[in-house]
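Numbering (our numbering), first residue to last: 92 to 407.
Just so you know, even glycine gets a beta-carbon here, dropped at the ideal spot from N, CA and C.
Since the structure is predicted, the reported quantities are computational estimates derived from the model, not experimental observations.
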Amino acid sequence: AYRCQVYDERTIGCQITEGKHGRIHRDTYFERGQSMKVVVVCGQDPLLYMLSASPLPKGVSEYDFAGGIRGEAIEVVKGPYTGFPIPADAEIAVEGETVPGQAKPEGPFGEWVGYYSDDVVPRPYIDVKTVLYRDNPILTCAPQHKPVDETGLLKGIAGAAEIWKALEACGLPDILGVWNHEGGPATRFTAIQIRQRYPGHARNVLHVAANCTAGAYNGKWTVVVDDDIDCSDIDQVLWAMSTRFDPITDIDIVQKAWSSGRDPMFLPGNFNNRILIDACMPYDRKLKGKFPTVVDVSPEMRTKLRAKFAKFLASS
């Protein structure tokens, strides 16, 4: 959603996807004919990096969220040019401003979906004003490449939590798990585990998960599975899709959803289409006990077998 291209020692490109909070802020300033101050931080606490890539709701501070997870406040310093709070232990921080009407060709870039984006267009850039740095800085990074990588994993974990939160905020009962599979990456393959409570429960969950803020951006696959399927286990999810899903009756398509040029299959206007899959047992058949019984080993038997053959399993 955000990327910076270094042009020279005084100029940095700044691509921000439509709909992201930073883009909304910048558009608001530009609509008023005003410049916007910016800080670009390089080399920071991994927790802050994860949250910077997370679809947190509007009005929620990443610093506050990080402090809550860590159990103590995040130490910051005041930027000498912007006045913004900057992580005190950051390796490098670049302050500057972006001015309405000023643009340079930006792109292409190797993106988090695993492809180079081909959207080379004029975009606003940052005029660098100050550079704050630590001597001999350590440049932590998460290179973008074909999955699986750190970016897809971290975006996926935080995105799953926000999708779960959105589902519960809509009053949907018995959400047992949400997971964004790393191979997606990020939120492009979302699996949700539920305990079915009423006809249409799975469809309700599918549409909320695919269209809430956390799940909407650049999504592609949303799958709902029953409570006996671990949604974080891709093998179990694929088994449910292969045995409980009918391609005529258990599929919905969402057209013209929120996307961007990061998606190699994006449509003109930065839209994409996506697929919603109900991989739950048909509710009426499950309720009446008419769906075939699963062949499985009990947890107790698994424990006994692991204990009995521990030395063989450990060496395999």
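Could you tell me the distance, in whole angstroms, from the CA atom of residue 200 to the CA atom of residue 96? Rounded to whole angstroms, the gap between the alpha carbons of residue 200 and residue 96 is 9 Å.
Output yes or no for whether 8 Å exceeds the beta carbon distance between residue 198 and residue 211. Yes, they are a contact pair.
Provide the residue span of the alpha helix (DSSP H) that contains residue 398, from first to last. Taken as a continuous stretch (DSSP letters only), the alpha helix (DSSP H) holding residue 398 covers 390–399.
As assigned by DSSP and simplified to three states, the class of residue 295: Helix, per DSSP.
Cβ contact (3+ pairs, closer than 8 Å) linking the stretch 240–247 and the stretch 206–226: The stretch 240–247 is not in contact with the stretch 206–226.
Strictly by DSSP, which residues pair up with residue 188? Under DSSP, residue 188 shares a beta bridge with 128, 218.
Taking the straight line between their C-alpha atoms, what separation do you get for residue 171 and residue 255? Taken atom to atom, the span from the alpha-carbon of residue 171 to that of residue 255 is near 39 Å.
I'd like to know if the stretch 320–336 and the stretch 295–306 are in contact, where contact means that at least 3 CB-CB pairs between them fall below 8 Å. Flag = no, the stretch 320–336 and the stretch 295–306 do not touch.
Neighbour-count burial assignment, residue 116, 16 or more Cβ in a 10 Å radius: Exposed, because fewer than 16 other Cβ atoms sit within 10 Å of the Cβ of residue 116.
Residue 158 to residue 139, Cα distance in whole Å? Each residue's Cα considered, the two are about 10 Å apart.
If I follow the unbroken beta strand (DSSP E) through residue 176, where does it start and stop? Counting along the chain, residue 176 sits inside the beta strand (DSSP E) bounded by residues 176–178.
Terminal residues of the continuous alpha helix (DSSP H) containing residue 114? That run of the alpha helix (DSSP H) goes 112–122.
For residue 137, name the three-state secondary structure that DSSP assigns. In the structure shown, residue 137 sits in a helix (DSSP, three-state: H, G or I).
Which residue or residues does DSSP assign as beta-bridge partners of residue 194? DSSP, once it has assigned bridges, lists 215 as partnering residue 194.
Who are residue 345's beta bridge partners in DSSP? Beta-bridge pairing by DSSP links residue 345 to 365.
Where residue 313 falls, given that 16 or more other Cβ within 10 Å makes a residue buried: Buried, by the Cβ-count rule.
Residues that DSSP places opposite residue 284 in a beta bridge: The beta-bridge partner set that DSSP reports for residue 284 consists of 268, 316.
Could you give the DSSP three-state label for residue 101: helix, strand or coil? Correct three-state label for residue 101: coil.
Mind the definition here: the stretch 277–297 touches the stretch 251–269 only if three or more C-beta pairs lie below 8 Å; say whether that holds. Contact between the stretch 277–297 and the stretch 251–269 is present: 3 or more CB-CB pairs across the two stretches fall below 8 Å.
Could you round the C-beta distance between residue 217 and residue 105 to whole angstroms and report it? I think they count as a contact, below 8 Å. So it is a contact: roughly 5 Å between Cβ atoms.
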